[in-house]
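Single-structure report; data block below.
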Amino acid sequence: MQWITLTTATFCILIIFLIKKMKISNNKKIQKDGLVHICQIKRIIIFAQQHRGLTAAWLNGDTNAEAKLTGIKKLISQEINSLMLSPVAKNERWAAFTDHWGRLLSFNNKSSVSNSFEQHTMMIKNLAYLLEDTAESSHLTADFLPKINNIGYVWRELILTTENIGQSRAIGVSVAVQQCCSSVDKIRLNFLIQTMAKTTIDTLQRLSHLPEEHHTHTNLVKKATESMNKLIEVMTSELVGAAKVAIDSNQYFELATETMSKMNDIFDHQVKQLNKVI
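Taking our numbering, the leading residue of the sequence shown gets 15, the next gets one more, and so forth.
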């Protein structure tokens, strides 16, 4: 009888162990799949930001932008198709995005630049929230990732910061082309300057990293901070504070794009670290 009791207890412990192991394995799969989907959404955001700028250029008469727009549309379509059967497609924000994207594709060269900017920006903001939703539903939050406990800053603040730079790029290029900064553009740019300045002081310093990634992380944050400060300085002196805007639009575009690239490098490094711990 004692032998039977012992065997039963051992069996129960084994079952509990197997169930726990299955849960851990299932959680890791959810996290790994979720991280793949997040990277896909991030690529759509990057392409949408490029599409916003190219559409503005096209509406301003740049005929060279049309071929580039066609290429960007194909890239976005590929990412959409790859996510259609994923859990992401069940999120109402995904339905809102695909509907919005479909309407943006119907824009013609008589559409206004300002309306195009606003529509693209609304769509990108929705995508940013979709990315955050996906992180939460995929257990890629601080509760599940004690080694990278400030991961929430990557899914929200870092994404929105990069988008703020994208907006400053779109507005700034338009200002540089027109060689005039309107009162509305000054208000928008000043708001972005304040938000971006806060990021360099706050958000970037709060990002987590693994001990073995300390040097790489510190170097990436340093480069991003330097690039951000340089962009803020140019926005302040060459756009908002200039009596006459004289900065070359291509020069400003390259500076803003470089700053966005530095932010994306940080994002990619955070993803690399996540792949180590999940």
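Built from N, CA and C at the ideal position, the CB exists for glycine as well.
Spatial neighbours of residue 155 in its chain, beta-carbon cut-off 7 Å, leaving aside the 5 residues before and after: 149, 165 and 166
If I measure Cβ to Cβ from residue 195 and keep anything under 8 Å in the same chain, skipping five residues before and after, which residues do I get? 189, 203, 253, 254, 256 and 259
What number of angstroms, rounded off, separates the C-alpha of residue 187 from the C-alpha of residue 41? 45 Å
Less than 9 Å between the C-beta atoms of residue 238 and residue 276, yes or no? yes
Within this structure, are the beta carbons of residue 288 and residue 73 separated by less than 9 Å? no
If distances are taken between C-alpha atoms only, which option among 76, 98, 79 and 264 comes closest to residue 112? 98
May I have the straight-line CA-CA distance separating residue 272 from residue 286, to the nearest angstrom? 21 Å
Would you please state the rounded distance, in angstroms, between the beta carbons of residue 234 and residue 283? I believe it to be under 8 Å. 6 Å
List the whole-angstrom C-beta distance separating residue 144 from residue 55, where the pair is believed to meet the contact cut-off of C-beta under 8 Å. 6 Å
For residue 62 versus residue 138, is the C-beta distance shorter than 9 Å? yes
Inter-residue spacing [alpha-carbon to alpha-carbon] between residue 177 and residue 220: 19 Å
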